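Per the numbering used here, residue 3 is the first one in the sequence shown, and the count goes up by one each step. Below you'll find the structure, written out as structure tokens, and then a few comments.
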Amino acid sequence: PGFRVTTGEIIDSSSNTTGQLDVVVVNDRCPRLTIDATNSIVAPILADNVLCVIEVKTSLTSDQLKKALSQMRPVKALMPTHSTLIQPNGEIIPDPLDGKIITGIFSFNKGEKIEDEIEGIVDQFPGVVDFIVIPDSFGYFWVETLKVCGLMDKNAPYPPNSYVKKSHKGMGLAFMFGILNSLAAIRRFSGSNLLRYINGCWGAQEEQTAKN
């Protein structure tokens, strides 16, 4: 409750954009924007309200994985405004993930060699994806995300940008839903200041001069 699934392009207040995305999980406070321009409908999704982005692949090959990771890179580069978490005791703490949008890749099947190649490919895109899940095969999960979600001991000795592999059947889906539900509960979405998304001069000529 409080979240919905949509599709589209995400934009932040610095005009960074992502391109079209398969699955975008947004907080229900997210405005439903529709801008009619040049006979086309553009419906940007504001980065401040996005919990997660998931790219869906029928079969995950090395080429498909590299393509999906390339699509996720601009998502991680977005600058949402939420950067705090609320603890069960009500304490507000800084978000160790800096409020970055959670990114995932989901595939129904695996390519012939992907299980041997995935680690080397992911190493080329450090911190770009939080999870990769093939339900009947395996799941890869970023250690830092698991720690924030309480799914791993915070003091576990892993090097930076490490992933852990879960091979038991169903474990990939369980951890994926665990991440999304945990962050949906503790990440503090506070709506969007829409004026930050609008470029332009709202004052006198002096303000325009200063801006220029």
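Glycine residues also receive a C-beta, built at the ideal position from the N, C-alpha and C atoms. Computed from a predicted structure; not experimentally measured.
Item	Value
To the nearest angstrom, report how far apart P128 and R75 are at their CA atoms.	10 Å
Quick check on P76: does DSSP put it in helix, strand or coil?	helix
Exposed or buried, what is G205 when buried is set at 16 or more other beta-carbons lying within 10 Å of its beta-carbon?	Reliability of the predicted coordinates at G205 is poor, the pLDDT of 49 falling under 50, and no value is obtained from them.
Spatial neighbours of G202 within its chain, please: C-beta separation below 8 Å, excluding the five flanking residues on both sides.	Legend: pLDDT at G202 = 48, less than 50; position of this residue unreliable, value from coordinates given subsequently. Counting only Cβ-Cβ distances below 8 Å, and skipping sequence neighbours, we find nothing.
Where does C203 sit, in a helix, a strand or coil, going by DSSP?	Low confidence applies here, because C203 scores a pLDDT of 47, under 50, leaving its location unreliable; read the following figure in that light. The answer is coil: DSSP assigns C203 none of H, G, I, E or B.
Leaving out five residues on either side along the sequence, give the residues of the same chain with a beta carbon under 6 Å from the beta carbon of S164.	V145
What is the DSSP secondary structure of S16, counted as helix, strand or coil?	coil
Could you tell me which of T86, K102, I103 sits nearest to I95, measuring between CA atoms?	T86
Could you check the C-alpha separation between F140 and G180 for me, to the nearest Å?	16 Å
Measure the alpha-carbon distance for I12 versus V25 and round it to whole angstroms.	11 Å
Going by Cα to Cα distance, which pick from N91, D132, P161 is closest to I107?	D132
Go to F140, then tell me how far its beta strand (DSSP E) extends in each direction, as first and last residue.	140-144
Among the candidates G101, I88, F143, P3, whose CA atom is the shortest distance from the CA of A49?	G101
Output the boundary residues of the beta strand (DSSP E) element that contains N183.	Run containing N183: none in the beta strand (DSSP E); it sits in the alpha helix (DSSP H), 173-188.
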